[in-house]
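Input: a single structure, listed below in structure tokens.
Number of protein chains: 2
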Amino acid sequence: MPSLSPENSPLSQKLSHFISMDEGELDCLAALQSNPIRLERGSELIRQGEVGRFACFMQSGWGCSFKLLQDGSRQIITFPIAGDCIGMRSVLLRVSDHSFCALTDVSVTRVEVSQILPLFTRYPRLGSALLWATSRDEAITVDHLASIGRRTALERTAHFFLELSERLMMVGLTSEVEFHCPLTQYDLADALGLSAIHVNRVLRELREIKLLTFHEGKVTFHDKAALKTLAGYETIDGHTNIDTGSST
Amino acid sequence: MPSLSPENSPLSQKLSHFISMDEGELDCLAALQSNPIRLERGSELIRQGEVGRFACFMQSGWGCSFKLLQDGSRQIITFPIAGDCIGMRSVLLRVSDHSFCALTDVSVTRVEVSQILPLFTRYPRLGSALLWATSRDEAITVDHLASIGRRTALERTAHFFLELSERLMMVGLTSEVEFHCPLTQYDLADALGLSAIHVNRVLRELREIKLLTFHEGKVTFHDKAALKTLAGYETIDGHTNIDTGSST
DNA sequence: CGACGCTTTGACACAACTCAACAACCGTGG
DNA sequence: CCACGGTTGTTGAGTTGTGTCAAAGCGTCG
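Protein sequence lines correspond, in order, to chains A and F.
Reminder that position 119 of the first sequence reads as 113 in this note's numbering, one-by-one numbering, no gaps.
Reminder that position 131 of the second sequence reads as 125 in this note's numbering, one-by-one numbering, no gaps.
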């Protein structure tokens, strides 16, 4: 795997959707992401209940952050990909409220909070871009919550892949119609609040109605427009189709 | 309703669980919260899809922030209470991804983001306390997500009230065994991802097994320990009961 | 008084879960 | 080379938790 030039890291790609960056800002981002660490598939970087000592930026690979519940089941919160920040909350809360596990081999760089805060003073635009990215992640979590709470399994699954695709798009990891996706149906189940068996049935239905195929680690959209209609999908950055009504 | 002395505002009460504040910091918080605005029950302060122009701190009353879905259903994300910040994400994302509605008469103060950012420079401890509070809210949302995804209706409802109680506790709005709670069963349903009718059944069961009563706007815990066991509850600030296992 | 908002209950339907079995694919080791 | 266990995917049958529909009770308020 070729090492990316720092100026074109996934993170800077992502942030450039929000602000355009000058050389100093790009250098600062590059410095934040020096010395990547390689993690093997399956390794747990963060453990629920342990003290969070650092945050990380993902450089490449797929992971999942999840909560373990009393009865042994787990709820996957998100699948971090290149350009995403993980574990920031754990640091601020001191104790980690969730775990992080690598689903493929993964490359990350550690950042100390002490590196981040001064950044807001020296590179305020970069700081606000990071805040924007964080808010965006939060909005995705909230969307996820609404999905699990109020959408059917079919809608929910469709919505998930559309959102994932949009996230991958921002870091240049997908074309319009298909992308690589190393998740198992068990992973999907734990993310979507379903059983793995039901995920299988839902995926079959999505395939049969010719909207989307999930096969051999590859997701293919057959009719993105219809999929968006089915899922009630609105782009993450706020363009909504909903008529919010008016009266009390 | 007597106006609170600024030094004892819900927000400063909440933050004082994280840092102890000196006079300058308290004054700064007080300044942030001057000129409260009164909102009538039912008024919508933030509308999904509109441009988010400001954030607010709640002074008193109850509200709900929620997402509207395509089919008209809604998912309530959280019920902001005194001391909570609302709409911050909407400002940073420019377009609001959710709505906010007052469930009782409510008093809030507007804050411009331009007021917040310099605060991190002048009162860094206050800034980090605010970050902590924000992270804590995020952790609650994530918990909520796990609840809806993986807990049964009964566990989920129990968990919700325990968490709510802990939040109220931080701003001095509850005793150990009971608290005022103006939510309807419809509100609960939209928060818990259930139908109102099923919420009613669940509440009846919680009453029958003598764990919790929800009646006439009042929540009473009859056996908090048993309730925590049922819900698999861990305190928000990270003290967990879960044995995270060990092997791969 | 009637209208309305909220709660409560029952009967029934259905989405999603569980259990069980099997198929396909992998890497490993004999 | 093939046998093997482990992981992942697939399918069917039966169960159950939760949703839907319908109706009634009960406050409050105009």
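Even glycine gets a Cβ: it sits at the ideal position worked out from N, Cα and C.
- Within the segment 95 to 125 of chain A, those residues whose Cβ lies closer than 7 Å to any Cβ of chain F are, in chain order, F114, T115 and L125.
- Across the set A/Y117, A/H92, A/S37 and A/R88, the C-alpha of A/Y117 shows the shortest separation from the C-alpha of A/L23.
- Nearest to A/I31 by C-alpha distance, out of A/A49, A/S101, A/H216 and A/I80, is A/S101.
- F/E157 sits close to F/I134, with the two beta carbons spaced by under 8 Å.
- By DSSP's assignment, F/K61 forms a beta bridge with F/Q69.
- Under the Cβ distance rule, F/L86 counts among the residues neighbouring chain A, one pair being separated by less than 8 Å.
- Rounded to the nearest whole angstrom, the CA to CA distance from A/A183 to A/T146 is 13 Å.
- Judged by DSSP in its simplified three-state form, A/C95 adopts strand.
- Chain A places a beta carbon closer than 8 Å to that of F/R130, counting this residue as a contact.
- In this structure, DSSP gives F/A219 a helical state, which the three-state scheme calls helix.
- Following the DSSP letters along the chain, one finds A/E160 inside the alpha helix (DSSP H) bounded by residues A147 to M164.
- Scanning its chain for C-beta atoms nearer than 6 Å, with the 5 sequence neighbours on each side dropped, one finds around F/G187 the residues I142, in chain order.
- Residue contact check for A/K222 against chain F: no CB pair falls below 8 Å.
- F/V136 sits in a helix when the DSSP states are folded into three classes.
- Taking CB atoms only, A/S67 has a neighbour in chain F less than 8 Å away.
- In terms of beta-carbon proximity, A/H138 lines the interface with chain F, with at least one pair separated by less than 8 Å.
- In the displayed model, A/L167 falls within coil according to three-state DSSP, outside both helix and strand.
- Shown here, A/A49 sits in a strand according to DSSP, grouped into three states.
- If the five residues before and after F/L224 are omitted, its C-beta is found closer than 8 Å to the C-beta atoms of L148, E149, A152 and L205, all from its own chain and listed in chain order.
- Straight through space, the alpha carbons of F/R35 and A/L86 are spaced by roughly 35 Å.
- For F/H174, the enclosing beta strand (DSSP E) has its first and last residue at E172 to H174.
- For F/R41, the CB contacts under 7 Å within the same chain, skipping 5 residues up- and downstream, are S90 and S93 in chain order.
- Within 8 Å of the CB of F/Q179, no CB atom of chain A is found; the nearest one sits about 16 Å away.
- Residue pairing by DSSP places A/R32 opposite A/S101 in a beta bridge.
- Residue contact check for A/I40 against chain F: no CB pair falls below 8 Å.
- In the structure shown, F/F208 falls within a strand segment according to DSSP collapsed to helix, strand and coil.
- The beta carbon of F/D78 does not come within 8 Å of any beta carbon belonging to chain A, so the residue lies off that interface.
- Against A/D217, chain F offers no close residue; the least beta-carbon distance is about 17 Å (beta-carbon pairs closer than 7 Å).
- Counting along the chain, the unbroken beta strand (DSSP E) around F/I40 starts and ends at E38 to I40.
- A residue is called buried when at least 16 other Cβ atoms come within 10 angstroms of its Cβ; F/A219 does not meet this threshold and is exposed.
- In the three-state reduction of the DSSP assignment, F/S3 falls in the coil class, being assigned neither a helical nor a strand state.
- Annotated as proximal: F/I75 and F/W56, with beta-carbon spacing under 8 Å.
- Rounded to the nearest angstrom, the gap between the Cα atoms of F/G121 and F/R88 is 22 Å.
- In the three-state reduction of the DSSP assignment, F/T214 falls in the strand class.
- CA-CA distance, A/S108 to F/S67, rounds to 43 Å.
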